[in-house]
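Just so you know, numbering that gives the first Met the number 0 puts the end of the sequence shown at 148, numbered straight through with nothing missing. Every residue, glycine too, gets a C-beta built ideally from N, C-alpha and C. Some notes on the structure that comes next.
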Amino acid sequence: MKKLIKLSLPTLVLTLFTSYSYSQKTDFSDRQAIIETTENFFIGDHTGSIEHKKLSMHKKGAYRYLNRDGAYDEFTFDLNSAEADNTYKEEILSIEIYGRLALVRTRLELVKARLAANNGKVHYKLFTLHKIDGKWKITTITWGAEIKL
């Protein structure tokens, strides 16, 4: 029995290492694609670039959020809108990948005037992405401000 384990151990280690290396490679390429998709969203949001919006957002996706009155609201992405919002800088906080589903958490650093209008509350955007036909697309954007106690 010990001899069998001794002979099988190198094969087991090689199999585990190969499997781990492959999953890391796949995860890395998906991670890069998710970062590019998120960056394209922010380029489109800051500049109004319809091209970048279409690269990053699914045509049936939607914004979902609580409005200033605290009521739930949502609307479908308008990929042909050239509206821009350059009142913030973004920071990616985390990326989680679950097969063909990904979650990206971002923190928005608001410009002083907008921060003052929001009573000093920092904003966050949470992106849900799905891998559709081999491409990562944002399907939902949820956002809100931090809670100050």
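Exposure of residue i, with buried meaning 16 or more beta-carbon neighbours within 10 Å
{"i": "residue 103", "result": "buried"}
{"i": "residue 133", "result": "exposed"}
{"i": "residue 98", "result": "exposed"}
{"i": "residue 20", "result": "With a pLDDT of only 40 at residue 20, under 50, the local geometry of the prediction cannot be trusted, and the value read off the model is given with reservation. Classification for residue 20: exposed."}
{"i": "residue 131", "result": "exposed"}
{"i": "residue 39", "result": "buried"}
{"i": "residue 136", "result": "buried"}
{"i": "residue 65", "result": "exposed"}
{"i": "residue 23", "result": "Interpretation of residue 23 is limited by its pLDDT of 43, a score under 50 that renders its predicted location unreliable; the figure taken from the coordinates is listed afterwards. Per the 10 Å Cβ criterion, exposed."}
Range of the contiguous beta strand (DSSP E) that encloses residue i
{"i": "residue 82", "result": "Careful: residue 82 lies outside any beta strand (DSSP E) and carries neither H nor E."}
{"i": "residue 103", "result": "100-109"}
{"i": "residue 133", "result": "Where residue 133 is concerned, there is no enclosing beta strand (DSSP E), given that its DSSP letter is neither H nor E."}
Check whether residue i and residue j have beta carbons under 8 Å apart
{"i": "residue 126", "j": "residue 89", "result": "no"}
{"i": "residue 83", "j": "residue 51", "result": "no"}
{"i": "residue 53", "j": "residue 75", "result": "no"}
{"i": "residue 144", "j": "residue 122", "result": "yes"}
{"i": "residue 120", "j": "residue 140", "result": "no"}
{"i": "residue 138", "j": "residue 109", "result": "no"}
{"i": "residue 47", "j": "residue 81", "result": "yes"}
{"i": "residue 78", "j": "residue 33", "result": "no"}
{"i": "residue 149", "j": "residue 43", "result": "Summary: the structure shown does not reach residue 149, with the chain confined to residues 0 through 148, and so no result is reported for it."}
Exercise. Touch check for the segment 66-74 and the segment 88-99: three-plus C-beta pairs under 8 Å?
Worked result: no
- Task: List in chain order: all unbroken beta strand (DSSP E) runs of 3+ residues lying wholly within the segment 16-73.
- Result: 56-65
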